[in-house]
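In the working numbering, the protein residues as written are -1 to 179.
Ideal Cβ placement from N, Cα and C applies to all residues, glycine included.
Okay, structure first, notes after.
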């Protein structure tokens, strides 16, 4: 996800304010709810980005969707971004806030590419191994890709550990080509 600097500034200010009010967890839940709603509805994202739709119409829709059960800080954020005409930045703000929250808790996102999702026992074992390797708590997300043929690739930030059969076959093919076979 490409996040603009303005979204980072809003999310950072939101996080600092939530922290000062000891409301970081509630705002994290709010931002996750907002993020899920926007990512689950391309129409909502298009609506927020539209320059044709009035600020009042956007305010009505956002109030209808998010006013119930949101913390005071989160409701204030929505009013502020509407006032400043930054409602198109809401997805980025919620994403960055989530990243700041995870960092605060010492959680690290790790993406695992597999041919098919492992069972609970294998998932727990992988999680324990990665927590030991990284020295912190991890949040695993699995993405299935049948073309991998077996094994797994693990993405930790910008580092990829590729132990897939597909990758091994590609390495073997390159070795044979270099050898002129």
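Backbone secondary structure at residue i - three-state DSSP
| i | result |
| --- | --- |
| residue 173 | helix |
| residue 121 | helix |
| residue 127 | helix |
| residue 114 | coil |
| residue 1 | coil |
| residue 162 | coil |
N- and C-terminal bounds of the beta strand (DSSP E) containing residue i
| i | result |
| --- | --- |
| residue 135 | 135 to 142 |
Local Cβ density within 10 Å of residue i, reported as buried at 16 or more and exposed below that
| i | result |
| --- | --- |
| residue 87 | buried |
| residue 102 | exposed |
| residue 13 | buried |
| residue 170 | exposed |
| residue 56 | buried |
| residue 167 | exposed |
| residue 114 | exposed |
| residue 62 | exposed |
| residue 92 | buried |
| residue 81 | exposed |
| residue 28 | buried |
| residue 60 | buried |
Expected contact under 8 angstroms - CB spacing of residue i and residue j to nearest Å
| i | j | result |
| --- | --- | --- |
| residue 149 | residue 163 | 5 angstroms |
| residue 136 | residue 142 | Not confirmed; about 19 angstroms, so no contact. |
| residue 71 | residue 21 | 6 angstroms |
| residue 146 | residue 124 | Rounded, the Cβ-Cβ distance is 15 angstroms, inconsistent with contact. |
| residue 134 | residue 161 | Not confirmed; about 22 angstroms, so no contact. |
| residue 2 | residue 90 | 6 angstroms |
Notebook entry, point to check: Can you give, in chain order, each stretch of the alpha helix (DSSP H) that sits fully within the segment 9 to 88 and has at least 4 residues?
Noted result: DSSP runs (the alpha helix (DSSP H)) wholly in the segment 9 to 88: 22 to 37, 40 to 47, 53 to 64, 70 to 81.
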